[in-house]
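Participant:
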Amino acid sequence: MSREAKENRLEANTKVPFKQRLWVIIPVALLVGLISSLIYNHHAEFSWEGLLAGFDQEFLVFFLIGVFAQLVDGTLGMGYGATSTSFLLAYGIPPAISSTGVHVAEMFTTGASAISHHRFGNINKKLVKHLLIPGVLGSAVGAYLLSDVIDGDVIKPFIAVYMIALAIIIIRKAAQKNIIKKKTKRLSVLASFGGFMDAVGGGGWGPIVTSTLLGRGRNPRYTIGSVNAAEFAVSFASGVTFMLFGGIEGWQVIIGLILGGVMAAPIAAFLVNKIKRQPMMIAVGILIIILSLRTLSKLL
0 MSREAKENRL EANTKVPFKQ RLWVIIPVAL LVGLISSLIY NHHAEFSWEG
50 LLAGFDQEFL VFFLIGVFAQ LVDGTLGMGY GATSTSFLLA YGIPPAISST
100 GVHVAEMFTT GASAISHHRF GNINKKLVKH LLIPGVLGSA VGAYLLSDVI
150 DGDVIKPFIA VYMIALAIII IRKAAQKNII KKKTKRLSVL ASFGGFMDAV
200 GGGGWGPIVT STLLGRGRNP RYTIGSVNAA EFAVSFASGV TFMLFGGIEG
250 WQVIIGLILG GVMAAPIAAF LVNKIKRQPM MIAVGILIII LSLRTLSKLL
C-alpha cells in the first residue's frame, strides 16, 4: 500500500461520525438562524449609530455580568440565571426586561457552552436526551406566563425571595460530603419543573437540575456538561417564547450579556475540572443572597 493510500485510510478512520458532528452543527445552525432573524426584524436597533451609542459605562456593566455569570454557570453547572438576574435586579433593571434579556442572551451563551463542553468531552448524551423535551416544554410554558399573563412588577419581590432560596440550595449542596450514588427517578418531572422555574424566575435550571443530580452522586464533570448542553434547548425555547409573546426590550442588556457570556464559555468548560467547587459554590450562594436582599430592601 502506497504512503498516500495509508494517509487517506488514516484520515478516513479519524473522521468524526455525522451523529457526533450534529452536536455542533445544530447549535451553530440555530444560532445563525436566530441572528439572521433578529437582524431582519430589528434592523433599526442594529444600525451603527444605535450600536455605537450603546457602548457606554452601562454596557460595560452588563458585559462584566455576562462574563461572571457564564464563568459561574460553566464551571458549577448552575447559577447563570440566578447570578445575572440578581445583578440586573439589584442594578435597577425591571423583571420583564431582566428575564427576557437573560433568556435571549442564554440562547447564545448556552449554545457556546454546549459546543465547548462537547469539545472537552464533558457530555453524557443519554442524560441530555432525558432532560431535553421536558425541560423545553416547562420553559416554554413559564416564558408564556411571564410575558403574557403575569405582571413582572408584582412578582419582583417573589423572584428575589426565590433567588435567596436557590442560593441556599447551592450552599447546602456545597456543604454535603460523602454523597452516595443513587438512581435518579422521574428525570422528566425534574427537567419540566427546572425549565418552568427558570423561565418564570429568570434562573433555576442549574440549581434545581444540576444540584439534584449531583446530590444523587452523579459524576460532576458529565452532569455539568450534560445539563449545560440541555440548557441550550431550554433557553432557546423560552427565548423564542419571550420574543413571540412579549417582544424584545433592553438590547444593551442583551448584547452585553451575550458578548460577555460567549467569551467566557470556553474558559468555563476548560476550568470545570480545574477549580475547587465547594468554596466557589458557597461564595456564589452568598453573593446571590446579598444581591437579592438588596433588591428586597429597595422594594420595601
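Per numbering that gives the first Met the number 0, residue 0 is the first one in the sequence shown, and the count goes up by one each step. No residue lacks a Cβ here, since even glycine has one placed at the ideal position from N, Cα and C.
Using alpha carbons as the reference points, say which of K297, L213, V261, L165 lies closest to L63.
Facilitator: When only C-alpha atoms are compared, the closest one is V261.
Participant: Is K124 helix, strand or coil when you go by DSSP?
Facilitator: In this structure, K124 counts as helix in the three-state DSSP scheme.
Participant: Let's test the definition: count the other Cβ atoms within 10 Å of the Cβ of S36 and tell me whether it reaches 16, buried, or not, exposed.
Facilitator: When all chains shown are included, S36 counts as exposed.
Participant: Enumerate in chain order the residues of its own chain whose CB-to-CB distance from L286 is below 6 Å, with the five nearest sequence positions on each side excluded.
Facilitator: There are no such residues.
Participant: For D72, count neighbouring Cβ atoms within 10 angstroms of its own Cβ and tell me buried if that reaches 16, exposed if not.
Facilitator: Counting Cβ neighbours within 10 Å, D72 comes out buried, since at least 16 surround it.
Participant: Between the C-alpha atoms of L131 and K184, what's the straight-line distance to the nearest angstrom?
Facilitator: L131 and K184: Cα-Cα distance of roughly 16 Å.
Participant: What do you reckon, are the CB atoms on S83 and V101 nearer than 8 Å?
Facilitator: Yes, the Cβ-Cβ distance between S83 and V101 is below 8 Å.
Participant: With a threshold of 16 other CB atoms inside 10 Å of the CB of R217, please say whether the residue is buried or exposed.
Facilitator: Buried is the call here.
Participant: Residue range of the alpha helix (DSSP H) that I207 falls in?
Facilitator: Taken as a continuous stretch (DSSP letters only), I207 belongs to no alpha helix (DSSP H), as it is neither H nor E.
Participant: To which residues of the same chain is T294 closer than 6 Å at the C-beta, ignoring the five residues directly before and after it?
Facilitator: Hits under 6 Å: L88, A89, A159.
Participant: If I measure Cβ to Cβ from G300 and keep anything under 8 Å in the same chain, skipping five residues before and after, which residues do I get?
Facilitator: Any property of residue 300 remains undetermined from this structure, which presents the chain solely from 0 to 299.
Participant: Could you please give the first and the last residue of the uninterrupted alpha helix (DSSP H) stretch that includes M106?
Facilitator: Run containing M106: 94-118, per the alpha helix (DSSP H) assignment.
Participant: Less than 6 Å between C-beta atoms, sequence neighbours within five positions excluded: which residues of the same chain meet that for E235?
Facilitator: Going by the sequence as given, residue 235 is Phe instead of Glu. For F235, where only same-chain residues beyond five positions count, the Cβ hits under 6 Å are M106.
Participant: Considering Cα atoms alone, identify which of T209, V103, I163 is closest to L29.
Facilitator: Out of T209, V103, I163, V103 has the C-alpha closest to the C-alpha of L29.
Participant: Taking the alpha-carbon positions, what's the V23 to V233 distance?
Facilitator: Approximately 17 Å between the Cα atoms of the pair.
Participant: Return the residue from the list F119, A267, L256 that minimises the CA-CA distance to S98.
Facilitator: Among F119, A267, L256, the Cα nearest to that of S98 belongs to L256.
Participant: If you scan the stretch 244-296 from start to end, which runs of the alpha helix (DSSP H) of 4 or more residues do you find wholly inside it?
Facilitator: List check, alpha helix (DSSP H) in window: 250-270.
Participant: Since I believe F269 is in contact with F119 (beta carbons under 8 Å), could you give me their beta-carbon distance rounded to a whole number of angstroms?
Facilitator: With a Cβ gap of about 7 Å, F119 and F269 count as contacting.
Participant: Rounded to whole angstroms, what is the Cα-Cα separation between V199 and L144?
Facilitator: Each residue's Cα considered, the two are about 8 Å apart.
Participant: Is it buried or exposed for P278, if we count other Cβ within 10 angstroms and need 16 for buried?
Facilitator: Exposed, because fewer than 16 other Cβ atoms sit within 10 Å of the Cβ of P278.
Participant: Does DSSP put V148 in a helix, in a strand, or in coil?
Facilitator: DSSP places V148 in coil when its eight states are reduced to three.
Participant: Within the continuous alpha helix (DSSP H) that includes M77, where are the two ends?
Facilitator: Counting along the chain, M77 falls outside any alpha helix (DSSP H), and DSSP gives it neither H nor E.
Participant: Since G194 is in the alpha helix (DSSP H), which residue starts that stretch and which ends it?
Facilitator: Its alpha helix (DSSP H) spans residues 186-200.
Participant: Label A174 either buried or exposed according to how many other C-beta atoms from any shown protein chain fall within 10 Å of its C-beta, with 16 as the threshold for buried.
Facilitator: Classification for A174: exposed.
Participant: Let me confirm a value: I34 is counted as buried when at least 16 other C-beta atoms fall within 10 Å, else exposed. Which label applies?
Facilitator: I34 should be labelled exposed.
Participant: With a CB to CB cut of under 7 Å and the five nearest residues on each side skipped, what residues in its chain are close to V127?
Facilitator: Closer than 7 Å at Cβ, skipping near neighbours: S225, A228, A229.
Participant: If we count the other Cβ atoms within 10 Å of its Cβ and call it buried at 16 or more, is S210 buried or exposed?
Facilitator: With 16 or more other Cβ atoms within 10 Å, it is buried.
Participant: For the candidate residues H129, P26, M77, whose alpha-carbon lies nearest to that of R276?
Facilitator: Answer by Cα proximity: M77.
Participant: Answer yes or no: do A282 and S112 have a C-beta to C-beta separation smaller than 8 Å?
Facilitator: Not in contact: A282 and S112 (Cβ atoms no closer than 8 Å).
Participant: Pull up the CB-CB distance for Q69 and A263, whole angstroms please, since I reckon it's below 8 Å.
Facilitator: The Cβ separation is near 4 Å, so the contact holds.
Participant: Per DSSP, what kind of secondary structure is N227 in: helix, strand or coil?
Facilitator: N227: helix per DSSP, three-state reduction.
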